[in-house]
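Data block below; observations after.
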Amino acid sequence: MATVTLSSIAKSFGPTRVLGGVDLDIADGEFLTLVGPSGCGKSTLIRIIAGLEHQDGGAVAIGGQPVDHLRPHERRVAMVFQSYALYPHMSVRQNIALPLTMSRLKLWQRLPLLRALSGQRRTVMRGIEADVAAAAAQLQLDHLLDRKPAQLSGGQRQRVALGRAMVRHPDVFLMDEPLSNLDAKLRVHMRTELAELHKRLGATFVYVTHDQVEAMTMSDRVAMMDSGTILQLGTPSQLYEKPASLKVAQFIGSPAINLLPGIVGAGGRLELFGRPMALNVQQAQGQAVTLGVRSEALSLVQGEPAGTGRAWFSARLRRKENLGSEYILHFDLAGRDVPGVTMRTSPAVAVGISEAAEVTLGFDESACHLFAADGERIVSRGPGVATASIVPLRA
Amino acid sequence: MTLALDMPVQLASSRRRRLWIERVTGLGFAAPALVLLLLTILVPLAVLVVLSLTNYEFGGVDLDFVGLANFQKALADPIIRRSLLNTLIYVAIMVPGGVFGALLIAILIHRRTRSRSLYEVIYFLPVTSTLIAMATVWQFLLHPSLGPINGLLKWLGFAPVAFLSEPSTALATLAVIGIWQILGFNMILFLAGLTAIPRDLYEAADIDGCSSGVDRFLTITWPLLGPTTMFVVITTMITAFKIFDTVAVMTRGGPVGSTEVLLYNIYLEGFQYFHTGYAAALTFIFLAFILVFSAVQTFALDKKVHY
Chain A
1 MATVTLSSIA KSFGPTRVLG GVDLDIADGE FLTLVGPSGC GKSTLIRIIA
51 GLEHQDGGAV AIGGQPVDHL RPHERRVAMV FQSYALYPHM SVRQNIALPL
101 TMSRLKLWQR LPLLRALSGQ RRTVMRGIEA DVAAAAAQLQ LDHLLDRKPA
151 QLSGGQRQRV ALGRAMVRHP DVFLMDEPLS NLDAKLRVHM RTELAELHKR
201 LGATFVYVTH DQVEAMTMSD RVAMMDSGTI LQLGTPSQLY EKPASLKVAQ
251 FIGSPAINLL PGIVGAGGRL ELFGRPMALN VQQAQGQAVT LGVRSEALSL
301 VQGEPAGTGR AWFSARLRRK ENLGSEYILH FDLAGRDVPG VTMRTSPAVA
351 VGISEAAEVT LGFDESACHL FAADGERIVS RGPGVATASI VPLRA
Chain B
1001 MTLALDMPVQ LASSRRRRLW IERVTGLGFA APALVLLLLT ILVPLAVLVV
1051 LSLTNYEFGG VDLDFVGLAN FQKALADPII RRSLLNTLIY VAIMVPGGVF
1101 GALLIAILIH RRTRSRSLYE VIYFLPVTST LIAMATVWQF LLHPSLGPIN
1151 GLLKWLGFAP VAFLSEPSTA LATLAVIGIW QILGFNMILF LAGLTAIPRD
1201 LYEAADIDGC SSGVDRFLTI TWPLLGPTTM FVVITTMITA FKIFDTVAVM
1251 TRGGPVGSTE VLLYNIYLEG FQYFHTGYAA ALTFIFLAFI LVFSAVQTFA
1301 LDKKVHY
């Protein structure tokens, strides 16, 4: 069990700067996810923790001990690769056993002819066999031990890769997009399995993904990365409910957050589509402010709602997506400089709206996120502070 | 009523006609390949077999069937026995040298980024050069008194070696030249095999504890190069069996028959002494050897190789 401490890690590949001084403290036993669009540096960061890449600047410590001078296998980390990287010529048993044979047998005891001379070898091999069996049992691989990786399905290969990582009880598990080669259904299933495995092992997990759903569902904390820096570090709900910047708000959440163009009116009062809202900001008059509204915060309103605290606009239904338990409705905002908005709602509401119908959509002003022109989150001084309690679905 | 009876008959006959057309079309498509195969391989092979059963001499007007007499003669002939043994010794030196040498070079230059293509060209040069032309260079290099190799030996304090005129060293020297000739080609094959091994396997192995080069080679490189190695071993072996040009140019089978090899004897019998029937029998034996060796290796190695 160990903490992982990264201090100002920098890395460039040629002229391209991939990591620009990343600081990160990962607690003992934590499930931390690095999430971000491709090319944001998250894979490079995890490879630096593993020791597969060497950083240009900064230091990595595992369990409080600096590990920069150590080879990957000396760092007591295990890694699961996106491609699983199983040894194709070895059986499942040999694949899982390899880390143990490497650490418990000396080189000459592993060589084809010399190994016959070793008396200890048999005892050691029996110990390895037992450990492999234990790991295989945990992952329900018992009946597959004699197969080759090519004879396994994607999910089984994934489990073998996990077994190979687990078998030597590493302090830190590093996972580089381990689920992205699986089909959607299996991915959902493996999400649960991984989360349970983490709970059972109690080890530190560092997990890299570009899928925000994986980040939200499994992690204790999420570090959202972009262009080689961490944009925000927090629990999944912190990232969802209080995104620190527009990029975080756009990346986290599905369907993506709706962005509406606000403008600062007289006295710092925000205006949406020419109508003043009950939100005040410190920005100068005439400046643009982006309003982020989650799709579940939108609701249908009848007529023009009077009263404060509720913003509204008219929209035309473009398309309905039926997800069974809920609907995602796509609206066009005619004549507005907005690509469209999505609303998540119950089937009861969705059935009541016909295609191409003109409706009025409203949202609780306190439930919207405000971002300045540079993408930073801003706090309103309005009656409702722009924190984000999730507004329940409203019929 | 007649109409109802006619219909199935018509249908059946039209189906038969379509089947017939399909069969003829299929044969038509296969015919060019079949004819080529017959003309270039099967007919010459048949002629070879027929000739090997006769006492035909090149340029002669008649021939007699002599049954297996040619084969009996070949198996009893001490010259042929010696040349067969020499060929096997040559193969036994050249195959390990040509395979493992090329593997070593390929591993050494595989990870070079800038200099790799330079090394590739250098090691590949002997493959592109004509061995007969290069043989004169070798003859000079190995010359007992003029050659730089003996010069080096003398400088190091050793006695000069007459590599090509000493019966004990001549065959081994030819084998070394054979290795030199084939290294580049085998190296290219091994490089292709090495490139096909996914990088993340080495990374996984690094994390799993294969930190030394020996471990990486034994765990990943060697097993995953299996198919390449099998191919290289068999092609090298066939090349080695066909040793002829260096013998013909540099030693002519000498000194005292120490470099007499099978193909050179076939050449002598067929084209110098015009014993065409006898040469055909020898050729048949030669082909049988290559076939048997390749087949045994394929079956033996195939079980151990992971694809």
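Read top to bottom, the protein sequences are chains A and B.
Under this note's numbering, the first sequence has 227 at position 227, and the numbering climbs by one with no breaks.
Under this note's numbering, the second sequence has 1069 at position 69, and the numbering climbs by one with no breaks.
Even for Gly, the Cβ is constructed at its ideal location relative to N, Cα and C.
None of the values given here were measured: they were computed from a predicted structure.
Interface flag, residue i vs chain A, CB-CB below 8 Å
i               : result
I1207 (chain B) : yes
P1223 (chain B) : yes
A1204 (chain B) : yes
D1302 (chain B) : no
I1220 (chain B) : yes
P1096 (chain B) : no
C1210 (chain B) : yes
L1201 (chain B) : yes
Simplified DSSP assignment, three categories, for residue i
i               : result
E321 (chain A)  : strand
A1000 (chain B) : Since the first residue of chain B shown is 1001 and the last is 1307, residue 1000 (chain B) is not available in this structure.
L1224 (chain B) : helix
M1230 (chain B) : helix
E74 (chain A)   : helix
K148 (chain A)  : coil
L162 (chain A)  : helix
G1147 (chain B) : coil
L24 (chain A)   : strand
F81 (chain A)   : coil
R168 (chain A)  : coil
P66 (chain A)   : strand
G292 (chain A)  : strand
Q232 (chain A)  : strand
D1064 (chain B) : coil
V338 (chain A)  : coil
V385 (chain A)  : Its pLDDT being 41, under 50, V385 (chain A) is placed unreliably by the model, and the measurement read from it follows with that caveat. Note: V385 (chain A) maps to coil in three-state DSSP.
Residue range of the alpha helix (DSSP H) that includes residue i
i               : result
H198 (chain A)  : A184 to L201
Q238 (chain A)  : P236 to E241
S1294 (chain B) : T1276 to D1302
S1168 (chain B) : P1167 to T1195
F1140 (chain B) : L1131 to L1141
Test: residue i CB closer than 8 Å to a CB of chain B
i              : result
V92 (chain A)  : no
P243 (chain A) : no
A50 (chain A)  : yes
P72 (chain A)  : yes
H89 (chain A)  : yes
P149 (chain A) : no
M175 (chain A) : no
S118 (chain A) : no
Length of the line joining the Cα atoms of residue i and residue j
i               : j               : result
Q65 (chain A)   : H73 (chain A)   : 15 Å
G1097 (chain B) : E1166 (chain B) : 22 Å
S299 (chain A)  : M343 (chain A)  : 7 Å
A1192 (chain B) : P1227 (chain B) : 11 Å
R377 (chain A)  : P37 (chain A)   : 20 Å
A1300 (chain B) : I1290 (chain B) : 15 Å
D211 (chain A)  : L317 (chain A)  : 28 Å
V124 (chain A)  : R164 (chain A)  : 18 Å
S1013 (chain B) : F1029 (chain B) : 24 Å
P339 (chain A)  : L333 (chain A)  : 7 Å
S1083 (chain B) : K1073 (chain B) : 14 Å
E196 (chain A)  : T217 (chain A)  : 12 Å
L1011 (chain B) : R1018 (chain B) : 11 Å
Whether residue i touches residue j by CB criterion (8 Å)
i               : j               : result
L361 (chain A)  : W312 (chain A)  : yes
I1149 (chain B) : L1142 (chain B) : yes
V80 (chain A)   : A161 (chain A)  : yes
I1079 (chain B) : E1203 (chain B) : no
L1171 (chain B) : N1265 (chain B) : no
I9 (chain A)    : L45 (chain A)   : yes
M224 (chain A)  : I257 (chain A)  : no
Run of the beta strand (DSSP E) containing residue i, from where it starts to where it stops
i               : result
R344 (chain A)  : V341 to T345
H369 (chain A)  : H369 to F371
G330 (chain A)  : Sequence inspection shows His at residue 330 (chain A); the Gly mentioned does not correspond to that position. Residues Y327 to D332.
Y1202 (chain B) : Taken as a continuous stretch (DSSP letters only), Y1202 (chain B) belongs to no beta strand (DSSP E), being part of the alpha helix (DSSP H) at R1199 to D1208.
F13 (chain A)   : V4 to F13
N258 (chain A)  : N258 to V264
T209 (chain A)  : T204 to T209
R221 (chain A)  : R221 to D226
Under 7 Å by beta carbon: chain D residues contacting residue i
i               : result
V1214 (chain B) : Among the chains of the structure shown, chain D does not appear; the protein chains present are A and B.
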